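Since the structure comes first, as structure tokens, the remarks are kept for the end.
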Amino acid sequence: MGVVPFLFVIWYSFNEWRPLTGEMEFIGLDNYTRLAGDPTFSASVVASLFFSAGVLVLNLVIAISLAVLLNRRMRGITAFRTIFFSPVVVSVVAWSVTWGFLLAPDGGINGALQLLGIDGPNWLADPSTSLISLVVVQVFKGVGMNMVLFLAALQGVPEEIREAAQLDGASPWRSFWSVTVPMIAPTILLTGILTTIGSLEVFAPVQLLTGGGPGDSTNVLPFFLYRTAFVSQQFGYASAIGVVLFAIILALTMLQWTSRRKWVNDEV
Amino acid sequence: MRSDASRAARQRSRITTVTLYVLLIAVSVPFLYPTLWMFFSSFKPANEIFMQPPALLPREWTLDGFVQVFTAQPFVQQYGNSMYIAIVVTAASILLSAMAGYAFARIRFPLRSAAFTLLLAAMMVPTEVTIIPIFTAVNALGLNDTHWPLIILPIFGPTAVVSVFIFRQHFLSFPKEYEEAARLDGVSRVGIFFRIALPLATPAIAAVGIMAFLRSFNMYFEALIFLRTPEKFTLGLAITRYQDFYGEQMWNTQLGAASLTVVPILVVFLIAQKQFVQGLAQTGLKG
């Protein structure tokens, strides 16, 4: 289940293997030394880390804000919850293709900006906006899931505690940080870990919207791996990329998991 | 004086409510607009897609895009492919992950906690990483360009881990007394699972079923790697392949195919949204 194939990936990463000719030759750590000197690889690591950090921060901030806004009795709250959740059920291909039209140089977003007298950039083809555009596409697609998890967590925060804080003169902002956040900390940890993992595995939006470009600005690791394996047909080298990608995911997950003692009170 | 103060307070709260609605409506735009634009643009003639200033509704309504969805590709067959694969994957995922989750929750076996840790670790291995050995194995078995890898991989792959986890959490919180009573009556372990534990696991079944169906129906990467023949394509792959004979993108057709993929799922979601959202939130990843 994922583990056995991964052992094969580790083994392949020590080999030079071109499936077209069928040659496979043990070369030790050569693939890894080659990675260390490959500028495309370092650009790819940077793109992946920036993408992941952007998605993590934006996703959690928006998810918690929406959950706090929706956590009240009011007409039409369910309708808004449904709207924010709806992209989760939309096919990632349909979602990406649609955003591709909207982000095009003469697409809907620049058209709207034009009405305000602003000349929008070519979002997906400009290296300074391409990665952040992908972050936005990914965040709006998935943030509804985290919002729902936070809503469930907020419903576990007793109203009395917040009222008590308010009676003691705490501002809403203060009571949010001192009362609400500590009580939903286990959910922040869980969604943080899952969102990090998910963002490091991103593929479809990259392939459909930017193809890793312009330059290597959006050439995230899963996409770089795919191209190395299935376009340039280097299975050994692609496996080494895969091992590094897994190592990054493992390291970031462990980092968040071990940091929990500092800021998460109850065990998850 | 007093009534003035309370009137002021009421007015303030009304202002807060109005502000909140305005804020929520503004925030809704990036969530709702793309889907609405996709749907209405599939009724536009192709030359209206990039017309300025941008408009949500077509100036001229046409079904040309939708007609081409079916003439340019075997779309009905592709729809059937996605549907039957998703149904098989959903049924198999529910059954297998329920059995695995039950075993982790109830049955003592050697190395149980080690096996569970290993299972959770598998969640951190991206599909893109293990695709190389899997691709090689699929080729060796002669299953390239068939639906087999698209059915087998999601059932046993990293996504199944979450399903097993959901069922384990569910069965851990399920009272043991029911099962003990049945055991005293001489019902076997298998009988207890199928006749008592599984039928009472509806919330977990709903959560796992919805997730497995969506994952499979919206799958893209595996289809891209394994499928070559248009008749075997699933919807995600099909949407990306709408081009005319000169290699130009058929914009309204592509959006039409995307709408036909998304809208039925959205309608089911709107009808059953309570079960969707609550099922995922409650049994979902809370434990």
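Top line first, the protein sequences correspond to chains S and X.
Oh and the first sequence: position 222 is 222 in this note's numbering, straight run, nothing missing.
In this note's numbering, each number is its position in the second sequence, counted from 1, plus 1000.
No residue lacks a Cβ here, since even glycine has one placed at the ideal position from N, Cα and C.
Remember, it's a predicted structure, so these values are computed and weren't measured experimentally.
CA-to-CA distance, A67(S) to P1199(X), given in whole angstroms:
33 Å
Is there contact here, the stretch 1081-1096 of chain X with the stretch 1168-1176 of chain X, by at least three beta-carbon pairs under 8 Å?
no
Three-state secondary structure (DSSP) at N122(S)?
coil
Among L1118(X), S1216(X), A1008(X) and F1165(X), the one whose alpha carbon lies nearest that of A975(X):
Outside the displayed range of chain X (1001 to 1287) lies residue 975(X), so it cannot be described from this structure.
Entirely enclosed alpha helix (DSSP H) segments - the stretch 141-213 of chain S, minimum 4 residues:
Complete alpha helix (DSSP H) runs here, min 4: 159-167, 172-175, 181-200 and 204-209.
CA-CA distance, P121(S) and G1236(X)?
When rounded, the distance between both Cα atoms is 29 Å.
Does any CB atom of chain S fall closer than 8 Å to the CB of L1032(X)?
yes
Under 7 Å by beta carbon: chain S residues contacting G1236(X):
S91 and V93
Need the endpoints of the beta strand (DSSP E) that F14(S) sits in, please.
No beta strand (DSSP E) contains F14(S), which DSSP labels as neither H nor E.
Cβ of L1063(X) within 8 Å of Cβ of F1040(X)?
At least 8 Å separates the beta-carbon of L1063(X) from that of F1040(X).
Is there a Cβ of chain S sitting closer than 8 Å to that of V1060(X), yes or no?
For the record, residue 1060(X) in the displayed sequence is Glu; it is not Val. When Cβ-Cβ separations below 8 Å define contact, E1060(X) makes no contact with chain S.
I think Y1178(X) touches I1196(X), with their Cβ atoms under 8 Å apart; what is that distance to the nearest whole Å?
6 Å
Against chain S, with Cβ distances strictly below 8 Å, would I1049(X) count as a contact?
It does: the Cβ of I1049(X) has a partner Cβ on chain S nearer than 8 Å.
For a contact meaning CB atoms closer than 8 Å, what does F1165(X) contact in chain S?
The contacting residues do not exist; F1165(X) stays about 11 Å from chain S at best.
Would S1028(X) count as contacting chain S if we go by Cβ distances under 8 Å?
yes
Step through the CB atoms of chain S and report whether any lies within less than 8 Å of the CB of W1148(X).
no
Applying a beta-carbon distance threshold of less than 7 Å, which residues of chain X neighbour L116(S)?
Chain X residues near L116(S): none, gap ~11 Å exceeds 7 Å.
Take L35(S) as the anchor and find which of Q234(S), L124(S), P5(S) and G54(S) has the nearest alpha-carbon.
Q234(S)
CB-CB length for S1163(X) against S1082(X), believed under 8 Å:
20 Å between Cβ atoms; not a contact.
Local conformation of Q1288(X) per DSSP, three classes:
It is not possible to answer for residue 1288(X), since the shown part of chain X is limited to 1001 through 1287.
Curious, which full-length alpha helix (DSSP H) runs of at least 4 residues does the stretch 1152-1181 of chain X contain?
1158-1172
Which of helix, strand or coil DSSP assigns to Q1073(X):
coil
Counting pairs of Cβ atoms below 8 Å between the stretch 158-171 of chain S and the stretch 78-86 of chain S, do you hit three or more?
no
What separation, rounded to the nearest whole angstrom, lies between the Cα atoms of T1016(X) and A1009(X)?
11 Å
In DSSP terms, what M24(S) is bridged to:
In the DSSP output, where bridge partners are listed per residue, M24(S) has W17(S).
In the DSSP assignment, what residue or residues form a beta bridge with Q1249(X)?
Q1243(X)
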